[in-house]
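In the numbering used here, the protein residues as written are -19 to 165.
Written out as structure tokens, the structure is:
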């Protein structure tokens, strides 16, 4: 693999998800290989979450390829009115920060790059490709607090921590981060 490889990014919508299952799962299994035995991170549970995300308004995936091979992707959807996204917050946050009207917030639910392609700016390119044309006023994401490379990258890209959040009984506790849209490229 060349250190000067060019990434080609394409955007997928809900109808495209099923036909791209294998490459999406291949990237996921490589990135999460050390956590796949945890039921929350299992491949089947991940695919269920992906199908759920794809059923939401505003769902999109930016998938990056080098030489026609997938090296990573970013995906998300628009939070619906009255979304339960913010359930499980660990600290007090203003009611206005939690208000969802079905148009306000884009949830960036995944951003991942194969290990051999990291530290080349590809995650940022996928992030920017997915978020640049969004019409929502802000975006949110969840990141494991001990994932220092990701939290450092997100902070440098303009994200800030809102609170800690445990979205499900069997999930880890995450840092919930937000950023105003549109992002500057």
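Where is the CB? At the ideal position from N, CA and C, for every residue including glycine.
Nearest C-alpha to residue 162 among 118, 70 and 0: 118. In the structure shown, residue 39 adopts coil according to DSSP, grouped into three states. Going by DSSP, residue 49 is part of no alpha helix (DSSP H) but of the beta strand (DSSP E) stretching over 49 to 58.
Here the alpha carbon of residue 34 sits roughly 30 Å from the alpha carbon of residue 72. By the CB criterion at 8 Å, residue -11 and residue 43 fall inside the cutoff. For the pair of segments examined, the stretch 127 to 147 was found to touch the stretch 58 to 75: the number of CB pairs separated by less than 8 Å reaches three. Residue state for residue 5 is assigned as helix, using DSSP reduced to three classes. Selection 55, 86 and 133 evaluated against residue -4 yields 55 as nearest (Cα-Cα). Of the other Cβ atoms in all chains shown, 16 or more fall within 10 Å of the Cβ of residue 122; this residue is therefore buried.
Here the alpha carbons of residue 24 and residue 116 stand approximately 30 Å from one another. Shown here for residue 114: same chain residues with a beta carbon closer than 6 Å to its own, the five before and five after excluded, namely 86 and 161 in chain order.
Straight through space, the alpha carbons of residue 49 and residue 104 are spaced by roughly 18 Å.
When the alpha-carbon of residue 135 is set against those of 148, 156 and 47, the nearest one is in 156. The straight-line gap separating the alpha-carbon atoms of residue 52 and residue 8 is approximately 9 Å. In terms of Cβ geometry, residue 37 and residue 58 form a close pair [threshold 8 Å]. For residue 21, same chain residues with a beta-carbon under 6 Å away, outside a window of 5 residues either side, are 12 and 15 in chain order. For the pair residue 89 and residue 131, the Cα-to-Cα distance works out to about 14 Å.
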